[in-house]
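Scroll down for the structure; my scribbles are underneath it.
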Amino acid sequence: MRLAAILPLLLVLAGCDRPAAVTRGGIVSTNPCADQILVSLVEPDRIAAISHYSQDPASTSLPPEVARRYRVTAGTAEEVIALRPDLVLTSTFTPAATRAAYARAGLNVLLLDSPTTIAASKAQIMVIARAVDRPGRGQALVNRIDAALAETAPQDEARPSALLYISGDLVTGAGTLLDELMTHVGLRDAAADYGLQHTGRLPLETILTDPPRLIMTPEFSTRESAIRTRILTYRTRQAVFPRGLVNCGGPTIVPAVQTLAAIRHQVLE
79 MRLAAILPLL LVLAGCDRPA AVTRGGIVST NPCADQILVS LVEPDRIAAI SHYSQDPAST
139 SLPPEVARRY RVTAGTAEEV IALRPDLVLT STFTPAATRA AYARAGLNVL LLDSPTTIAA
199 SKAQIMVIAR AVDRPGRGQA LVNRIDAALA ETAPQDEARP SALLYISGDL VTGAGTLLDE
259 LMTHVGLRDA AADYGLQHTG RLPLETILTD PPRLIMTPEF STRESAIRTR ILTYRTRQAV
319 FPRGLVNCGG PTIVPAVQTL AAIRHQVLE
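Convert by adding 78 to the 1-based position in the sequence shown; the result is the number in our numbering.
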């Protein structure tokens, strides 16, 4: 077979496992929490790139097989500007110099914060939905969240004490979305019992004499979590709360609140 005949076939095969290339236009997201909302709202061919964090198991809220479908960027101004996107979704944590470069390039930028409540998370969904001209899909997503919240509201007055470890000795405390979700399903966030008012470190020694009724940890074991699990095995209930449900609100609220409700049910059995 001549090279000229097989070259097109080779090019096709070479690109089978790669994300589709988008040279210009479309939407770029440099925020992993915006990534998952964007993927829920628009067609794949409208997404020029997502954040590289979405392909990192420690920071993603997207299933790996979904994240791999898209080009990723490290969020540098040079990468984003080179794609000439119609819209950039980025975080308030983005360096000022990068945001200034976007402005000089004339990019349309939507700056997003990190919602710490259910209401703020739903509002952010609608802000993004309107920006990408998909308000109907945004409202449908909000409706799914509301339905999940209604289904997971407790039917009794029990409020078992619980700690949710995000990683190692880092536990979620008051004023967070996870704290609100725990409260919603009928779990009492016990962080304040040990003097922790916000998210922070809570070592085993602090809770050893009086552990909560429930401890939740990610599936990725650390040295701290392994020791804690071994020592407290017969003193408190322990459950896995997947790391992918910790990072963001938005669509993640649905599986997060369902998982918390299921864990609470197991504790009360």
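All C-beta atoms, glycine included, are put in the ideal place defined by N, C-alpha and C.
- Uninterrupted alpha helix (DSSP H) stretches at least 4 residues long and entirely within the stretch 216-282 occur at 255-263, given in chain order.
- Around Tyr243, the same chain offers Val249, Thr295 as residues with beta carbons nearer than 6 Å, after the five sequence neighbours per side are excluded.
- Looking at the DSSP output, Ala127 sits in a beta bridge with Val106.
- The Cβ atoms of Ala175 and Leu188 lie no closer than 9 Å to each other.
- Scanning its chain for C-beta atoms nearer than 6 Å, with the 5 sequence neighbours on each side dropped, one finds around Thr108 the residues Ser129, Gly153, Thr168, in chain order.
- Residue range 174-182 is occupied by the alpha helix (DSSP H) that includes Thr176.
- Rounded to the nearest whole angstrom, the C-alpha separation of Arg279 and Gly184 is 42 Å.
- Taking a cut-off of 8 Å for Cβ pairs, the stretch 262-274 and the stretch 296-311 do not touch, as fewer than three such pairs fall below it.
- Exclusion of the five residues before and after Asn325 leaves Pro110, Cys111, Ser137, Thr138, Ser139 as the residues of its chain whose Cβ lies within less than 8 Å of its Cβ.
- Between the C-alpha atoms of Arg222 and Arg306 there is a straight-line separation of about 36 Å.
- When Asp234, Pro232, Leu256, Ala228 are compared, the shortest CA-CA separation from Leu241 is found for Leu256.
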